[in-house]
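Everything below concerns the one structure shown next.
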Amino acid sequence: MLDTLIPLAVDGLASAALIFFVAVGLTLVFSVLRVLNVAHGSFYAIGAYVAASIGLWIASASLNPWLSFPALVFSAAIVAVLFGPLVERCLMRWTYGKSEAIQILVTFGLFLILEDLQRIVFGVRSLAEDTPMQLLGSTQIGGVVYLNYQLLLIALAVIVVLRLRILLTRTRIGRLVTAVVADREMAQSIGINTNRVFILSFSLGVFLAALGGALATPTAGAAPGLGAETMVLAFAVAAIGGLGQIEGAALAAIIVGLARVLAIYFAPSLDAVAPYIVMLVVLLVRPYGLFGQAATRRI
Amino acid sequence: MIRSAWMAALAVSFGTLAGFAFAQEKPAALGLGVLTFTSGPAAAYGMPGKNAAELMIDMINARGGIGGVPLKASYVDEAQGTQGVIAEYRRLAEDKGNQVMIAALSSANCLALAPLAEQMQAPTIGWNCDTHQLLLDGKSKYYFRPNGNTIPEFVAYALYLLQRKPDVKRIAIVNPDYAFGHDAALIFKTAMKALKPDVEVVAELFPKLGSANFQTEISKLSASRPDVVFSNLWGADLENFVRQAQPRGLFTSSQVVLALGETVLQRANLPEGVIVGVLGDGWWMSPDAKANAVTKAFVEAYEKRYGEYPVFPAIKMANAIIYMKAAYEAALKKSDGKWPSRDELADAMRGSTVKTLTGTTVTRKDNDGLVDQVVGVTAKSPDYKFPVIGGMVRYKGDTLMPPQGEDAIKWVGTLSPAFLAAQPKPGSYQ
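From first to last, the protein sequence lines stand for chains A and B. Take the first sequence: its position 216, counting from 1, is numbered 216 in the working numbering, and each next residue is one higher. Take the second sequence: its position 267, counting from 1, is numbered 566 in the working numbering, and each next residue is one higher.
Take a look at the structure:
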């Protein structure tokens with residue numbers, strides 16, 4: 001029994017960790033900007049491409065292979081700095097307060113542009129650099145060999161949840177973000193620079209998505225179509241957790257990860273639909289997600 | 300009024316006759332519609348096809364084209380979905396300047412385009428249409444598949460596996476979740492059970508096409524303790540599977556069979572001893588390919604232009620263009636140099652035997668091709684940085700094809716250990 005449960009748990013958590021990074025970025029952006037960013041998955045894909053490119057450069061320049069670890073975070077930071085302020089100021093801000101249909105159309109347009117941009121810059125072949133995975137080796141758990149890199153991802157996801165919670169509750173910028181989330185107009189009226197909060201929050205969301213892509217690169221590489229695939233799953237996770245809920249995204253990622261793993265082990269034909277079955281059931285019972293709350297309609 | 304109507308009718312008739320006469324004259328260029336994936340996850344497989352088409356067309360044009368007519372291709376990206384592909388196909392096939400269609404990569408698109416080819420009377424070469432469900436009625440006049448189908452392709456792996464590892468019992472399958480993956484699983488399982496009735500399928504997984512993460516599938520496969528892991532994953536999916544499975548010991552705990560493994564030899568670090576093949580005979584380093592001066596020139600030019608050697612989708616595309624060229628030459632010869640109509644071209648394809656870059660393709664009466672199957676195992680090479688295919692066997696295409704009109708899966712189920720014993724042995728193709 002334990003022989004089955006342990007691999008199930010490890011696989012479920014490892015799967016959850018990768019989904020979590022991108023879903024939490026999506027939910028953070030939604031909570032502050034009130035925009036469901038359909039292009040969020042593209043930042044994941046760009047993060048993956050940039051990380052793979054930098055990793056390949058480190059390998060080709062014969063630099064210390066352990067540099068490939070900070071390079072993953074550095075890649076995500078580059079993407080966030082390049083795209084965060086630019087996209088927020090040039091595009092996203094024009095959608096604030098507009099109908100959901102317009103927001104979705106605008107971000108979908110951005111998604112299409114970014115998909116083509118990836119094709120132009122990185123080509124159509126996949127890119128991969130697996131030094132971090134190779135350096136860490138493997139461990140046998142419950143009779144199954146696991147990559148230590150998978151276990152590292154689980155630990156990193158836990159760290160990100162804790163760091164985000166601390167950022168939002170214990171720091172000045174976090175309190176500013178919380179104030180904007182609670183009441184944007186009131187925050188503005190008491191002198192909070194909401195534009196700055198929007199730029200920072202959006203860039204943090206882009207960073208988290210790109211970090212997810214960068215961390216996936218050593219095992220999964222970067223290939224065309226990655227953004228769309230990731231976005232759909234991230235949306236399901238964010239919806240299950242409740243849009244705008246960080247802990248909700250974490251719990252939902254674990255639930256979706258475990259659902260996928262259970263499907264692969266016991267009902268392989270349900271593998272692809274398992275996350276969406278969970279989403280459907282959760283939303284039928286709790287339309288605002290596990291941690292979401294009904295919004296008061298202002299007249 | 301009556302006079303005007305007569306004049307109009309005469310003009311239409313003259314126009315039609317002029318058009319007919321024009322169709323029989325040599326055109327300024329021979330238009331081809333070439334359909335493949337140039338974007339999305341399938342581009343990893345489709346782009347080598349497009350690259351090969353461009354190179355092969357350049358090579359033919361450098362020698363004066365076909366019958367003195369240069370080739371000119373219009374490319375269509377299959378990633379837009381079947382409805383878009385149908386619309387593009389229709390647009391190109393309606394243009395009389397495009398006399399041949401080379402379509403398509405995706406079996407789903409091939410199945411959608413085959414009736415359209417008949418309707419539009421457009422000679423069409425399925426350059427990568429593998430599904431055995433194509434051409435089932437045997438009535439196709441314009442749709443041709445010179446590159447073989449899924450039945451011989453996957454039966455060949457069952458034969459090779461049992462010749463190399465006759466004691467295998469526990470089989471696991473991990474194929475992409477669409478028709479190609481499910482068809483391959485069914486054919487491979489049916490062949491294995493027919494050839495060795497005591498085999499047992501211990502895991503059968505169908506991850507979504509385009510998946511990047513196979514860690515859970517690998518855990519499940521490892522936990523199932525299979526003797527053999529068979530997969531027809533391809534493109535970036537296959538690269539990711541290899542990258543994730545190898546450090547987790549799957550390649551050492553089980554005999555892995557990667558049906559499309561040749562496509563990643565130059566990109567993924569495959570260990571030695573993995574059974575791989577080329578879904579046909581399109582291995583650029585096979586003895587037949589090495590003995591062919593045209594192949595040598597093509598491989599060198601491809602490597603020079605694209606920075607890597609042509610994987611088998613590239614060879615399949617090149618062979619499809621050679622097939623078309625051979626049909627034109629045969630039709631021109633038959634009509635004493637008069638430019639052939641579409642019908643005459645299709646007639647030239649039917650029943651033809653064409654020497655390709657890597658062997659021969661014979662077109663049956665049902666327009667299906669008979670192509671040999673080359674299978675082997677990955678092996679180190681002193682000449683290349685990547686593994687090559689060693690221990691090769693070349694199974695005869697006609698022996699692995701169900702007779703025309705017969706239920707293909709039922710035919711696979713009739714294979715016997717005696718059939719296996721009669722096949723050439725691994726390592727015999729040198």
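Think of the CB as a built atom: it goes at the ideal place given N, C-alpha and C, for glycine as much as any other residue.
Q.
Tell me the residue span of the alpha helix (DSSP H) that contains Ile574/B.
A. Sequence index remark: in the second sequence, residue 574/B carries index 275 (1-based). Careful: Ile574/B lies outside any alpha helix (DSSP H), inside the beta strand (DSSP E) at 574-576.
Q: Note down, in chain order, all residues in the segment 264-283 of chain A with a beta-carbon under 8 Å from any beta-carbon belonging to chain B.
A: Ile264, Tyr265, Pro268, Ser269, Asp271, Ala272
(Q) Contact criterion: CB-CB distance below 8 Å. Does Asp11/A meet it with respect to chain B? (A) On the first sequence, position 11 is the one that residue 11/A refers to. Taking Cβ atoms only, chain B reaches closer than 8 Å to Asp11/A, which makes this a yes.
Q) Cβ of Pro65/A less than 8 Å from any chain B Cβ? A) Reading the first sequence from its first residue, position 65 is the one you call residue 65/A. Cβ-Cβ to chain B under 8 Å: no for Pro65/A.
Q) Applying a beta-carbon distance threshold of less than 9 Å, which residues of chain B neighbour Glu229/A? A) Here residue 229/A refers to the residue found at position 229 when the first sequence is read from its first residue. Simply Pro340, Lys507, Gly509, Ser510, Ala511.
Q. According to DSSP, what are the bridge partners of Gln554/B?
A. Looking up residue 554/B in the second sequence gives position 255. Partner(s): Val527/B.
Q: Could you pull the start and end residues of the beta strand (DSSP E) that Glu503/B belongs to?
A: Locating residue 503/B in the second sequence gives position 204, counting from the first residue. Residues 499-504.
Q | Minimum Cβ-Cβ distance from Thr131/A to chain D less than 8 Å | A | Among the chains of the structure shown, chain D does not appear; the protein chains present are A and B.
Q) If you measure beta-carbon to beta-carbon, which residues of the segment 223-249 of chain A are closer than 9 Å to chain B? A) Ala223, Pro224, Gly225, Leu226, Ala228, Glu229, Thr230
Q: With a 10 Å radius around its C-beta and 16 neighbouring C-beta atoms as the bar for buried, classify Cys90/A as buried or exposed.
A: Counted from its first residue, the first sequence places residue 90/A at position 90. By the 10 Å Cβ count, Cys90/A comes out exposed.
**Q.** Residue nearest to Asn360/B in terms of C-alpha spacing, selected from Gly380/B, Ser338/B, Gly345/B, Ala328/B
**A.** Translated into the one-based positions of the second sequence, residue 360/B becomes position 61. Asn360/B has its Cα closest to that of Ala328/B, out of Gly380/B, Ser338/B, Gly345/B, Ala328/B.
Q) Can a CB atom of chain B be found closer than 8 Å to the CB of Ser138/A? A) Taking the first sequence and counting its residues from 1, one reaches residue 138/A at position 138. Interface residue, yes.
Q. Is Ser356/B helix, strand or coil by DSSP?
A. For this step, residue 356/B is matched to residue 57 along the second sequence. Contrary to the premise, residue 356/B reads as Ile rather than Ser in this sequence. Of the three classes helix, strand and coil, the one that applies to Ile356/B here is helix, per DSSP.
(Q) Tell me which residues of the segment 464-484 of chain B have at least one Cβ-Cβ distance to chain A shorter than 9 Å, keeping chain order. (A) Asp476
Q. DSSP state of Asn474/B, grouped into three classes?
A. Counted from its first residue, the second sequence places residue 474/B at position 175. Residue state, collapsed to three classes: coil.
(Q) Applying the 10 Å Cβ sphere with the 16-neighbour rule, what's the burial state of Ala544/B? (A) What you label residue 544/B is simply residue 245 of the second sequence in a count that begins at 1. Ala544/B comes out buried.
Q) Skipping 5 residues on each side, what residues in its chain have a beta carbon closer than 7 Å to that of Lys709/B? A) Residue 709/B sits at position 410 when you count from the first residue of the second sequence. Contacts found: none.
Q | Pairwise C-alpha distance: Leu433/B and Ile302/A | A | A question about residue 302/A goes unanswered here, because the residues of chain A that appear run from 1 up to 299.
Q) Can you give the Cα-Cα distance for Ala9/A and Leu258/A, rounded to whole angstroms? A) Residue numbering aside, residue 9/A sits at position 9 when the first sequence is read from its first letter. Residue numbering aside, residue 258/A sits at position 258 when the first sequence is read from its first letter. In a straight line, the C-alpha of Ala9/A is about 7 Å away from that of Leu258/A.
Q) Could one say the Cβ of Ser15/A lies closer than 8 Å to chain B's Cβ atoms, at least one of them? A) Looking up residue 15/A in the first sequence gives position 15. At least one chain B Cβ lies under 8 Å of Ser15/A.
(Q) Using C-beta distances below 6 Å, list every residue in its chain close to Met279/A, excluding the 5 sequence neighbours before and after it, in chain order. (A) For the purposes of this step, residue 279/A is identified with residue 279 of the first sequence, where counting begins at 1. Within the same chain, Met279/A has close Cβ partners Ala236, Ala239, Ile240.
Q: Please decide whether Ser530/B counts as near chain A, where near means a Cβ-Cβ distance under 8 Å.
A: Stepping through the second sequence from its first residue, residue 530/B is reached at position 231. With 8 Å as the cut-off, Ser530/B does not count as an interface residue toward chain A.
(Q) Does the segment 592-611 of chain B come into contact with the segment 383-395 of chain B, if we say contact requires no fewer than three beta-carbon pairs (one atom in each stretch) closer than 8 Å? (A) no
**Q.** Chain-ordered chain B contacts of Tyr44/A [CB-CB under 9 Å]
**A.** One-based indexing of the first sequence puts residue 44/A at position 44. Simply none; closest approach about 10 Å.
Q: Ignoring anything shorter than 3 residues or poking outside the segment 658-693 of chain B, list the beta strand (DSSP E) runs there in chain order.
A: 659-662, 672-678
Q.
Let me check one thing: in DSSP terms, what residues is Val653/B bridge-paired to?
A. Numbered from 1 along the second sequence, position 354 holds the residue referred to as residue 653/B. Answer is Thr660/B, bridged to Val653/B.
Q | Collapsed DSSP secondary structure at Gly212/A in the structure displayed | A | Position 212 of the first sequence, counting from 1, holds the residue named residue 212/A. Correct three-state label for Gly212/A: helix.
Q) Using 8 Å as the Cβ pair cut-off and three pairs as the minimum, do the segment 559-579 of chain B and the segment 532-540 of chain B touch? A) yes
Q: Pick out whichever of Met400/B, Trp426/B, Leu644/B, Ile517/B has its Cα sitting closest to the Cα of Ala416/B.
A: For the purposes of this step, residue 416/B is taken as the residue at position 117 of the second sequence. Ranking Met400/B, Trp426/B, Leu644/B, Ile517/B by Cα distance to Ala416/B puts Met400/B first.
**Q.** Interface residues of chain A facing Thr337/B [CB-CB closer than 8 Å]
**A.** Here residue 337/B is taken as the residue at index 38 of the second sequence, counted from 1. Within chain A, the residues near Thr337/B are Val124.
Q: Could you tell me if Phe321/B is buried or exposed, where buried requires 16 or more neighbouring beta carbons within 10 angstroms of its beta carbon?
A: Here residue 321/B refers to the residue found at position 22 of the second sequence. Because Phe321/B carries a pLDDT of 43, less than 50, the predicted location of this residue cannot be relied on, and no value is offered for it.
Q: Indicate whether Ala76/A and Phe207/A have their beta-carbon atoms separated by less than 8 Å.
A: Here the question's residue 76/A lines up with position 76 in the first sequence. Here the question's residue 207/A lines up with position 207 in the first sequence. Cβ distance < 8 Å, so Ala76/A and Phe207/A count as in contact.
Q) Roughly how many angstroms separate the alpha carbons of Ala502/B and Ala471/B, rounded to a whole number? A) To locate residue 502/B, count along the second sequence from 1; it is residue 203. To locate residue 471/B, count along the second sequence from 1; it is residue 172. Going by the C-alpha atoms only, they are around 5 Å apart.
Q: Go to Ala372/B, then tell me how far its beta strand (DSSP E) extends in each direction, as first and last residue.
A: Taking the second sequence and counting its residues from 1, one reaches residue 372/B at position 73. From DSSP, the beta strand (DSSP E) with Ala372/B extends over 370-376.
**Q.** Per DSSP, cross-strand counterpart(s) of Val35/A
**A.** In the first sequence, the residue the question calls residue 35/A occupies position 35. Answer is none; Val35/A lacks a bridge partner.
Q: Spell out whether any CB of chain B is found under 8 Å from the CB atom of Thr219/A.
A: Position 219 of the first sequence, counting from 1, holds the residue named residue 219/A. True, the Cβ-Cβ gap to chain B drops below 8 Å.
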